[in-house]
Amino acid sequence: EFPDVVAIVPTLGGNIPRLRECLASIYASTFDGRLAIVVVWNDPRRPLVELGPVTVLQPGLNLGYVGGIRHAHRSVAAPRLWIIQDDMTVDPECLPSLVARQNRPDNPAVVSPVYVDANGYVPAGSRGGVISSEGLMEYRFPFADMLPSALDLSVRLDWLQLGGAIIRSDAWD
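Start counting the sequence shown at 332; every next residue gets the next number (this note's numbering).
As structure tokens, then:
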């Protein structure tokens, strides 16, 4: 049976404790659907370590971040891709919140969570940005470090950070 969501974690395997912490936070998700976790081991020079109940893909070369996501998506079928960076920890409510937002009538292709740093602030420029009609970066959002409660979620963005984002597979394709 196919998962509802596949969490994709590209890694170079350089910081195993940090990777394990990341995976533990994914396991702790309160999501009640079927969740698969795929780690893309992008550095063939590093020996593979035991990571628990995940699928590990070893492409044999460094595909990069997006290449690792593409590789995992071709390997595991799911209607949603949850993109996780190996240096992230996710709140247990993150995935159900992202899915709930994506299930609203406007059915966005991508929903990205708000990143909060160790001091409790959303860092300046951390969520996305706007591109000018000439194709140049006009600005990044948010404009300054701020508390999550001060973030204006109505600001239209042309692109979002992928870290933590959930993407409809049909839109990715």
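Cβ coordinates follow ideal geometry from the N, Cα and C atoms, glycine included.
This structure is a prediction, so every number in the text was calculated from the model and none was measured.
Counting only the Cα atoms, Glu465 lies some 43 angstroms from Thr361. In the structure shown, Tyr396 falls within a helical segment according to DSSP collapsed to helix, strand and coil.
Contact annotation, Asn373 with Gly399: C-beta distance approximately 5 angstroms; criterion of less than 8 angstroms satisfied. By the C-beta density criterion, Arg411 is buried, having at least 16 other C-beta atoms within 10 angstroms. Going by C-alpha positions, Tyr446 is about 18 angstroms away from Tyr470. The beta carbon of Glu332 sits closer than 8 angstroms to those of Arg365, all from its chain and outside the five residues before and after it, given in chain order.
At least 8 angstroms separates the beta-carbon of Val385 from that of Val371. Asp504 and Arg401 have their alpha carbons spaced roughly 10 angstroms apart. Pro473 is positioned such that its CB atom lies no closer than 8 angstroms to that of Val442. Residue pairing by DSSP places Arg432 opposite no residue, since no beta bridge is assigned to it. Ranked by Cα distance from Pro439, the options Ala496, Leu354 and Arg377 are led by Ala496.
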